[in-house]
Amino acid sequence: MRQRIAVVGGGPAGLTFARVMHRHGHPVTVLERDPAPDARPPGGALDLHEGMGQRALEKAGLLAEFEALSRPEGQAMRILDTDGTVLRDWKPDPGERSNPEIDRGQLRDLLLGPLDVQWGRGVTEVVPGSPALVRFSDGRQETFDLVVGADGAWSRVRRALSPVTPHYTGVTAVETSVDDVDSRRPDLARLIGDGSMAVYGVNRGLVAQRNSGGHVKVYVQVRVPPEWHTEVDPADVGAVRSQVLGLFDGWSAPVLDLLRLGDAFTYRPLYVLPVSHTWDHVPGVTLLGDAAHLMPPLGVGANLAMLEGAELAESVAAADDLDEAVRAFEERMWARARGWAEMTAAGLERLVSPDPAQALALFDEVQ
Ligand SMILES: Cc1cc2nc3c(=O)[nH]c(=O)nc-3n(C[C@H](O)[C@H](O)[C@H](O)COP(=O)(O)OP(=O)(O)OC[C@H]3O[C@@H](n4cnc5c(N)ncnc54)[C@H](O)[C@@H]3O)c2cc1C
């Protein structure tokens, strides 16, 4: 196979695609906008499902390394009432490895391995054709036989295929974190346990998720208008903290303490693509992961992104006809992603709902 292939984006989708291609002896050009791997905080831990993220890592030859790094105990989940009463306390059985957690930074480094990523190469536009033309933010341009858009929610590559843009779900997330929880606040460490702890109220919820090294990610989700996060200056940490604390008036002290201890907050209004997002096949350009099917963050997006990356790589590496392989892959991706998009959209409605009992019922159904 002599085609020149580029993947735009070095997230879970792009790196898995490149790594599986590498395993099959076909180097691809990885174009990533970030100037370096650690240019941004990597975000919270991911649970990789057996038939999805873990399957992708198996295809990349990385399952054993994942098993050594991941935390099966991180699958534990505790749900509290707003007054602190424990409603559910689920722990995985010994040996249970269906959804172990891994820090995003660890996953990225695992996938990077021998890959030669071109950092600081923001793509501004892709013009389909034979070959397809890639334009960069520094004014340069290059051509490739296939450009794979794995550039996330606000994909630039998507514009070459589809006029659709993401729309607001009605829910905004705010992310903060607490370091060294075991030594600083052993009471909170015990409350969170080995995995995650969640509390759901009317149209809002809070999840505290243990990452490695005593680091805890705290996610707030609240049903608000899209401009809610512009009401305060995001650089004014005190003002943001007060705004967020105001959502949880009357909730138990440990929950409020998780927010009081946070010293940096990031607003993430949650956007999605339509559940049935597809496009007319265009030779030379395709999409993977969030760029193709952005959905609510309910533990699926990175898993799907990785599985798609691995499957596209296997198809392309084995193909006599590159375009036919991509076309067939797209059909499979759309069919599978549609089901997950419907499920996660319905899930978000129940997790951040006027009736908090819906969130508990969802947890019981999933467990
Ligand atoms: C709070 C939160 C928690 C989540 N938890 C989970 C979970 O537990 N499990 C799970 O499976 N999913 C989870 N998700 C979803 C998951 O993060 C995404 O679905 C996943 O990261 C998608 O991977 P991707 O590679 O498609 O896109 P991304 O991870 O967004 O990666 C895209 C990459 O492209 C780069 N890029 C963007 N634009 C350009 C450009 N123009 N040129 C070059 N490079 C560009 C970006 O810098 C980035 O590196 C969560 C999401 C959120 C917001």
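Residue numbering for the sequence shown follows full-length UniProt numbering, starting at 1 and increasing by one per position. Ideal Cβ positions, reconstructed from N, Cα and C, are used throughout, including at glycine.
For a test of the three-state rule: what should DSSP assign to residue i, helix, strand or coil?
{"i": "G25", "result": "coil"}
{"i": "R268", "result": "strand"}
{"i": "H167", "result": "strand"}
{"i": "E227", "result": "coil"}
{"i": "Q358", "result": "helix"}
{"i": "A208", "result": "strand"}
{"i": "A18", "result": "helix"}
{"i": "L258", "result": "helix"}
{"i": "E125", "result": "strand"}
{"i": "D34", "result": "coil"}
{"i": "Q367", "result": "coil"}
{"i": "V240", "result": "helix"}
{"i": "L46", "result": "strand"}
Going by alpha carbons, who is nearest to residue i out of the options?
{"i": "E101", "options": "G43, S155, S183 and R135", "result": "G43"}
{"i": "R121", "options": "L294, P131, E142 and E96", "result": "E142"}
{"i": "T16", "options": "L87, L304, W90 and V237", "result": "L304"}
{"i": "T85", "options": "H49, E58, A325 and V255", "result": "V255"}
{"i": "S258", "options": "D280, R185, H293 and S315", "result": "Here the sequence assigns Leu to residue 258, which means Ser is not the residue at that position. Looking at the Cα atoms, R185 is the closest of the given residues."}
{"i": "L31", "options": "D151, G262, A341 and G309", "result": "D151"}
{"i": "Q106", "options": "L87, D249 and S212", "result": "S212"}
{"i": "L146", "options": "G299, S183, N99 and A18", "result": "A18"}
{"i": "W251", "options": "R204, P269, E50 and F265", "result": "R204"}
{"i": "P41", "options": "T176, F136 and D138", "result": "T176"}
For residue i, is the beta carbon positioned less than 6 Å from some heavy atom of ligand 1?
{"i": "A132", "result": "no"}
{"i": "D47", "result": "yes"}
{"i": "residue 371", "result": "The question about residue 371 has no answer, for the chain in this structure spans 1 to 367."}
{"i": "D34", "result": "yes"}
{"i": "R159", "result": "no"}
{"i": "G195", "result": "no"}
{"i": "V123", "result": "yes"}
{"i": "N211", "result": "no"}
{"i": "P274", "result": "no"}
{"i": "N303", "result": "yes"}
{"i": "R223", "result": "no"}
{"i": "V8", "result": "yes"}
{"i": "R156", "result": "yes"}
{"i": "P297", "result": "yes"}
Can residue i and residue j be called in contact, C-beta distance under 7 Å?
{"i": "V199", "j": "L206", "result": "yes"}
{"i": "G149", "j": "V181", "result": "no"}
{"i": "A160", "j": "V285", "result": "yes"}
{"i": "R223", "j": "V134", "result": "no"}
{"i": "V272", "j": "M306", "result": "no"}
{"i": "H293", "j": "A345", "result": "no"}
{"i": "V218", "j": "A208", "result": "yes"}
{"i": "G301", "j": "L288", "result": "no"}
{"i": "I5", "j": "V28", "result": "yes"}
{"i": "A45", "j": "G193", "result": "no"}
{"i": "N99", "j": "D179", "result": "no"}
* Taking the runs of the beta strand (DSSP E) that are 3 residues or longer, which of them lie wholly in the segment 271-355? -> Complete beta strand (DSSP E) runs here, min 3: 285-287.
* Those runs of the alpha helix (DSSP H) which lie wholly inside the segment 51-115 and span at least 4 residues -> For the segment 51-115, whole alpha helix (DSSP H) runs of length 4 or above, ordered along the chain, are 53-59, 63-69 and 104-112.
* Identify every run of the beta strand (DSSP E) within the segment 129-202, keeping only runs that are complete inside it and at least 3 residues long; order them along the chain. => Within the segment 129-202, the complete beta strand (DSSP E) segments at least 3 residues long are 132-136, 141-144, 146-149, 167-178 and 196-201, listed from N- to C-terminus.
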